[in-house]
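First up is the structure itself, then whatever we jot down about it.
Number of protein chains: 2
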Amino acid sequence: MEKYALFGKMMAQPGKREELLTLLTQAAQLVATAPGCHHYIVYKDAQHPDWIWVSEIWDSVEDHDNSLQIEGCRELIMQAMPLLAGKPEKIELAVVGGKGIS
Amino acid sequence: MEKYALFGKMMAQPGKREELLTLLTQAAQLVATAPGCHHYIVYKDAQHPDWIWVSEIWDSVEDHDNSLQIEGCRELIMQAMPLLAGKPEKIELAVVGGKGIS
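And the structure:
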């Protein structure tokens, strides 16, 4: 079955990107051992000083959705909300192949 | 040093996505062993039937740029050009951390 993937974009309030990055790397640690999680990688946008991207790869969209229920995840989301400038955006994908994913 | 990353978006001519995906997975095989290449993953966009995304992670932007000179890569780019509807877009990034990248 094709793996589910997404690119998520978050725009931090001005000057809040580092704080938001800290929360996201904590989230990455929480979901790293979740069933079906292959990737959860956090990036800084090189052009936009307040933007953050995440790339996720999961066995299925259900595995991704379940991860939002992991203990600690909801708390991180609540902490992240006031740091965001606007609603996060996501690009939903299916993995075709390549290097870096088995 | 922070790793260089990018998300690339390509829009195929209507009905040409599968053909373009074949070329991109060939490109992934070519660059897989290039110096500094950690990821080169090819995706189908779930919402747009003609769109393809690639996520790449490299030790440096120089390693990425050098990969375009690999034998066979230029040929694949030439084959891909007529399959594209418009110019590819890229989002340049720096890796912060997470699961799936060492």
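So the protein sequences, as listed, match chains A and B.
The opening position of the first sequence corresponds to residue 1 in the UniProt record's numbering, with each subsequent residue numbered one higher.
The opening position of the second sequence corresponds to residue 1 in the UniProt record's numbering, with each subsequent residue numbered one higher.
The C-beta atom is built at its ideal place from N, Cα and C for all residues, glycine as well.
Within 7 Å of any Cβ in chain A, is that where the Cβ of residue i sits?
i	result
residue 154 of chain B	This structure does not reach residue 154 of chain B, given that chain B is present from 1 up to 102, and the question cannot be answered.
B/K3	no
B/I70	no
B/S55	yes
B/A80	no
Given that a residue counts as buried once 16 or more other Cβ atoms are within 10 Å of its Cβ, and exposed if not, what is residue i?
i	result
B/K44	buried
B/L20	buried
By Cβ distance below 6 Å, which residues in the same chain neighbour residue i in space, the five residues on each side in sequence not counted?
i	result
B/K90	L6, G8
A/A32	none
B/S67	V31, A34
A/V61	Y4
Determine whether the Cβ of residue i lies closer than 7 Å to any Cβ atom of chain B.
i	result
A/T22	no
A/V42	yes
A/G97	yes
A/A28	yes
Report the neighbours of residue i on chain A: residues whose CB is nearer than 9 Å to its CB, in chain order.
i	result
B/D45	I91, E92, L93, A94
Which residues in the same chain have their Cβ closer than 7 Å to the Cβ of residue i, if we skip the five residues on either side of it in sequence?
i	result
B/V95	E2, K3, A5, I57, I101
In whole angstroms, give me the CA-to-CA distance for residue i and residue j.
i	j	result
A/K16	A/D50	7 Å
B/A27	B/S55	13 Å
A/W53	B/Q79	31 Å
B/P82	A/G97	22 Å
A/Q69	A/A46	31 Å
B/E88	A/I77	For clarity, residue 88 of chain B is Pro in the given sequence; the question names Glu instead. Taking the straight line from one Cα to the other gives about 33 Å.
A/A85	A/M11	5 Å
A/Y40	B/K99	5 Å
A/E71	A/Q13	26 Å
A/V42	A/T25	7 Å
B/E92	B/D65	13 Å
B/H48	B/E18	13 Å
A/G36	A/Q29	14 Å
A/T22	B/D63	28 Å
Listing by chain order, which chain B residues have their CB less than 9 Å from the CB of residue i?
i	result
A/I101	H39, I41, G100
Could you name the residues of chain B that residue i contacts, counting a contact when the two beta carbons are closer than 7 Å?
i	result
residue 105 of chain A	The displayed coordinates of chain A run from 1 to 102. Any statement about residue 105 of chain A would go beyond what the structure contains.
Under 8 Å Cβ to Cβ from residue i, same chain only, skipping five residues before and after it: list those, please.
i	result
A/H38	K3, I57, W58, D59, I101, S102
A/R74	L68
Check whether the Cβ of residue i lies closer than 7 Å to any Cβ atom in chain C.
i	result
A/Q69	Looking for chain C here will not work: the only protein chains present are A and B.
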